[in-house]
Amino acid sequence: MGEAPAFFEDDHLENFPNGTLFNTKVFETAINVGCNKIYAIGATEKESIGIRIFDKSTNEWVVPTVLGMIPKSSDGYSAILVDEDRILVVKRNTKSDDCFWFLEINTPFVKEQKTRLGTEVVAWSKAVIGEAKIPIVISGPSGVGKGTLIAKLMDEFPSTFGFSVSHTTRAPRINEHNGVHYHFTERGDMENDIKDGKFLEFAAVHGNLYGTSVEAVEVVTDDEKRCILDIDVQGARSVRASSLEAIFIFICPPSFDQLEKRLRARGTETEEQIQKRLRNAKAEIEQGNSPGLFDHILVNDNLETCYENLKELLGLSDGTKTNKILVPELVRMPLEHTVSKIGHKILIKSSATDEEKSDINMFVLDLSSIKSGAPGRTRGLNIYTEPSLNGVIGSKMGS
Ligand SMILES: Nc1ncnc2c1ncn2[C@@H]1O[C@H](COP(=O)(O)OP(=O)(O)OP(=O)(O)O)[C@@H](O)[C@H]1O
Ligand SMILES: Nc1nc2c(ncn2[C@@H]2O[C@H](COP(=O)(O)O)[C@@H](O)[C@H]2O)c(=O)[nH]1
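Okay, here's the thing in structure tokens:
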């Protein structure tokens, strides 16, 4: 026998204390997390959704630091605890491209930010319906040919891949354009943005600051493309530790001499800079070959061979040049609904009156293949209707 879903109504808030900040008319839904916390969700603050946390151990309301793009307010919200790390928030009367949001309360990213900021932290992550395209992190010492390989990939598969444009404090080279190769920036500005949590990772590399902003990855994934990050080994390590799921590839030179020749032949650095990059290359090659960090190591000896190997491991060798784009069907979540959870499935059932009912009164969200994108996006959510479940909850399915 399957477990019968217990639909909850938003008026379960009545059980919670009515502090000055807490008002059941303002905060529409609240979720108990563990023994000590209640997350109240739904106050409209500057046209976006507000959050308060009630700490049962101190009997106090806490205003958390809220990271990520905050969802715009809607006609109402319902919410359900998905696991100990996140709450799914459903915006009422909103289309499916904007109505499902995860409030991350205890993900590794949020935990890290709590430690860093010393405050309660939550992070919003928009749930994106459809296939999750896992980003690719490419690392390797300066001059090994990362940029050359990425350029070939982007040339051959322009609709499949998008480049994550990093920020850097180094000066542009001839032929480098702001916003295309890098966002060239002042150190002070970049440091402020890092403090504000705008960067997925950053590192001091060869005497300059480099970093991948959350937005740089979002821009690519929102364009339905697979994101490629060209970052150093320290950056790869940070991404590994972040909530961004990715494939990590290390590009190795055939020899140190070859690496030096390539760097010199490129002619973009001064002798002093070349020496610095070569010194750093030794440590990078060592770390790149150490177990656990990279999923694949490719030696870039002959460029064409290395490129073919790269395509092979990305599953692109069969000659397929088009990228399947899943276009999510836009459906509107009913204004009145209840939410419940069975395993990886979230059931959203319309509780509208007979006259208001549309053709579909039951939606199923399948969370089994969700993948964290950049902080700010959770991909791989599937939505469908499932008539067989109607019997279980005893509702009528529209014809
Ligand atoms: N397999 C190869 N054989 C010979 N030369 C190569 C090969 N791959 C790349 N190169 C050349 O080596 C030089 C460095 O390549 P590239 O700029 O792509 O390196 P990179 O790893 O992106 O460096 P950086 O990290 O400094 O940006 C370029 O002039 C490029 O044309
Ligand atoms: N950690 C990061 N490293 C980055 C980023 N963007 C580039 N890089 C790495 O810096 C070096 C030098 O690059 P160059 O363009 O000055 O030659 C190279 O190893 C890149 O991979 C980033 O956003 N984060």
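With full-length UniProt numbering applied, the sequence shown covers 1 to 399. Note that beta-carbon positions come from the ideal geometry of N, C-alpha and C, so glycine has one too. This structure is a prediction, so every number in the text was calculated from the model and none was measured.
Review point. By DSSP, does E201 sit in helix, in strand, or in coil?
Key: It is a strand residue.
Check your understanding: Which term fits H167, buried or exposed, when burial requires 16 or more other beta carbons within 10 angstroms of its beta carbon?
Key -> By the 10 Å Cβ count, H167 comes out buried.
**Study point:** Top-ranked residue by Cα proximity to L200, from V217, N208, C99
**Key:** Taking each of V217, N208, C99 in turn and checking the Cα distance to L200, the smallest one comes out for V217.
Practice item. Report the residue from D230, A204, D196, L293 whose alpha carbon sits nearest the alpha carbon of G162. Key: Nearest C-alpha to G162: D230.
Point to revise | Every unbroken alpha helix (DSSP H) within the stretch 89–173, with a cutoff of 4 residues, ordered by chain | key: Listed in chain order, the alpha helix (DSSP H) runs fully inside the stretch 89–173 are 108–117, 146–156, counting runs of at least 4 residues.
Review point. How many angstroms separate the CA atom of L67 from the CA atom of S142?
Key: So the two alpha carbons sit approximately 33 Å from each other.
Exercise for review: Note the first and the last residue of the continuous beta strand (DSSP E) segment covering M362.
Suggested key: Unbroken beta strand (DSSP E) run through M362: 362–366.
Exercise for review: May I ask you to report which of helix, strand or coil DSSP gives L244?
Suggested key: If DSSP states are grouped into helix, strand and coil, L244 belongs with coil.
Exercise for review: Pull up the distance between the alpha-carbon of S73 and that of I49, whole angstroms please.
Suggested key: Approximately 5 Å, taken between the alpha carbons.
Practice item. Can you give me the Cβ contacts of G145 inside the same chain, cut-off strictly under 6 Å, excluding the 5 residues immediately before and after it? Key: Once the five neighbours on either side are set aside, the close Cβ partners of G145 are N300.
Practice item. Note down the Cα distance separating K341 from L365, rounded to an integer number of angstroms. Key: C-alpha separation (whole angstroms): 9 Å.
Practice item. With hydrogens ignored, establish whether the beta-carbon of N309 is closer than 8 Å to any heavy atom of ligand 1. Key: With a cutoff of 8 Å, N309 does not count as near ligand 1, since its C-beta is closer than that to no heavy atom of the ligand.
Exercise for review: Tell me whether N300 sits in a helix, a strand or coil according to DSSP, three-state version.
Suggested key: N300 falls in the coil class under three-state DSSP.
Review point. Leaving out the 5 sequence neighbours to the left and right, which residues in its chain are closer than 7 Å to S57 when beta-carbon positions are compared?
Key: For S57, where only same-chain residues beyond five positions count, the Cβ hits under 7 Å are N36.
Practice item. Would you please state the rounded distance, in angstroms, between the beta carbons of V137 and F248? I believe it to be under 8 Å. Key: Approximately 5 Å separates the beta-carbon atoms of V137 and F248; this is inside 8 Å, confirming the contact.
Check your understanding: Along the chain, where does the beta strand (DSSP E) that runs through V339 open and close?
Key -> Boundaries of the beta strand (DSSP E) around V339: 337–342.
**Study point:** Check whether V122 and Y39 have beta carbons under 9 Å apart
**Key:** Yes; because the gap between Cβ atoms is below 9 Å, this pair is in contact.
Exercise for review: List the DSSP bridge partners of L310.
Suggested key: Per DSSP, none; premise fails for L310.
Review point. Does ligand 2 have a heavy atom nearer than 8 Å to the CB of N300?
Key: N300: no, Cβ never under 8 Å from ligand 2.
Check your understanding: For K349, does the three-state DSSP call read helix, strand or coil?
Key -> Secondary structure at K349: strand, using DSSP grouped into helix, strand and coil.
Exercise for review: Pair every Cβ in the stretch 245–260 with every Cβ in the stretch 166–185, then say whether three or more of these pairs are closer than 8 Å.
Suggested key: Using a C-beta cut-off of 8 Å, the stretch 245–260 makes no contact with the stretch 166–185, since fewer than three inter-stretch Cβ pairs fall below that distance.
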